[in-house]
Structure formats: structure tokens, C-alpha cells
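Here the structure is laid out as C-alpha cells; the discussion comes afterwards.
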Amino acid sequence: MSKWVAMRNFSNAKNVKSKRMHREFEMSMMVEFNYFLGLQIKQLKDDIFINQVKYIKALLKRFKMKVAKTMGTD
């Protein structure tokens, strides 16, 4: 139950902040995206994480290398 309350409070705060921004600036609402040009993008309050795991897995599958041995790069 507390997880739902926390998510609800976060959602309400996000909507209030969005409305305030719309009053100050000319904006359009855009959906937060997770994947862009083969990159997985996760945006947090203070950080942005980018990885290519999905893209790499697709390449390995395409070239039938899913069971290939890994090798270090250093």
C-alpha cells in the first residue's frame, strides 16, 4: 500500500511541476523514452544512465554468437 501512496504522491508532484513549467515556458508534453537509436536511456533525478545491452544482444543473436566466449578488453 505504501508503494502505491509513494507513486501517487510522485505522480501528483510531477503534474504540478509540469503545469508550472507550461505557464512559464512554451512547451509540449513528451513521453519519457527508454530506447533511442539502440541505446537504453534511464534518467533519474541527478543522473542519466545509457547502455547498449539490448542492441548488443540483438547483434549476438543475429550473428549466432549468443554462446560465444567473452574476452576482456584491457
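Numbers given in this note's numbering equal positions in the sequence shown, counted from 1, plus 1051.
C-beta: ideal position from N, C-alpha, C; glycine also.
Predicted, not measured: the structure shown is a model, and the values here were computed from it.
Worksheet item: Taking the alpha carbon of Gly1089 as the point to measure from, which residue in Gln1103, Lys1096, Asp1097, Leu1095 has its own alpha carbon closest?
Response: Ranked by how close their Cα comes to the Cα of Gly1089, the residues Gln1103, Lys1096, Asp1097, Leu1095 have Gln1103 in first place.
Worksheet item: Do you know how far the Cα of Ile1107 is from the Cα of Met1122?
Response: Approximately 15 Å between the Cα atoms of the pair.
Worksheet item: Under three-state DSSP, which class holds Leu1090?
Response: The answer is strand: DSSP assigns Leu1090 an E or B state.
Discussion item. Which same chain residues end up closer than 6 Å to Val1056 when comparing Cβ atoms and leaving out the 5 residues on each side of it in sequence?
Written reply: Here the model assigns Val1056 a pLDDT of 42, short of 50, so the residue's position is not dependable and the matter cannot be decided.
Worksheet item: Can you tell me whether DSSP reads Asn1066 as helix, strand or coil?
Response: DSSP places Asn1066 in helix when its eight states are reduced to three.
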